[in-house]
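So the number in the numbering used here is just where the residue sits in the sequence shown, counting from 1, plus 760.
Backbone N, C-alpha and C fix where the C-beta goes; we use that ideal spot for every residue, glycine too.
Down below is the structure, laid out as structure tokens.
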Amino acid sequence: MIRVIKMMCPELLMLQMKMLMMMMMMMMMIRVMMMMIRVMTMMIVMTMMMIVMMNMMMLMNKIMMTVMLVMMMMIREMTMLIWMMKFRVKMMIIRVMIFDDDDNDDDDDAHDDHDDHDHDNDDDHDDDDYDDDDDEDNVSCNDDDVSCDLDDDGHHDDRNDFDDGNDDDDDSCDDEIDDDYDDDDDGDDDDDDDDDDDDDDDENAEDENEEEDDDSFDDEEDDD
């Protein structure tokens, strides 16, 4: 970009550079002047304080001289402290702007918290699974949905279990088979009883016919 600007209008670039250099020089001069003004002000203040103190020493007693001396020292110390605090604040701002790693530390802390949270969730999940397994094993026989096939330890015996979706169908099928078996038995018994009754009737009829034949034969012999 600088090369393009320089090719298009080199005079403008040079003018900008000159303006920038002048501004920097002016800023530096202003700072130096401010420092000089402050130093001169402090010197003037100190000189006035010394003059006042000397006059007070000649006019007043030692107590007032000591008080004025303490006040002067306090003012000077406070002024120097203010200057040092300003300098330290500036250095801290520059240091934070250049060497700011707090964001990375926060990300690391957040990552650690996330890992701890996942670990806690894993522990809770394992405990829940363990509790569920115990609940499934320790099944009471009073449940309608659970068959009472228990092993020696009192746990649910899975060896006699079939597909849960077909339990009702299996039961209904068993009931139908039992009903059909009972109906067949009843029907067979009735048929057997009917057959026995028919056989008895046939035998009685044959016996009567034989007796009638014997009687008729005897009658014929008597007639002869």
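* Asked: In whole angstroms, what is the alpha-carbon distance linking residue 830 and residue 813?
  -> 11 Å
* residue 792 versus residue 809: straight-line alpha-carbon distance, rounded -> 25 Å
* Take residue 833 as the anchor and find which of 802, 794, 850 and 845 has the nearest alpha-carbon. => 802
* Which residue's Cα is closest to the Cα of residue 815: 828, 804 and 805? -> 828
* Going straight from the alpha carbon of residue 805 to that of residue 840, what length do you get? -> 14 Å
* Could you tell me which uninterrupted alpha helix (DSSP H) segments, each at least 4 residues in length, are contained entirely in the stretch 798-863, listed from first to last along the chain? => 822-858
* Quick one, which of 807, 853 and 854 has its alpha-carbon nearest residue 836's? -> 807
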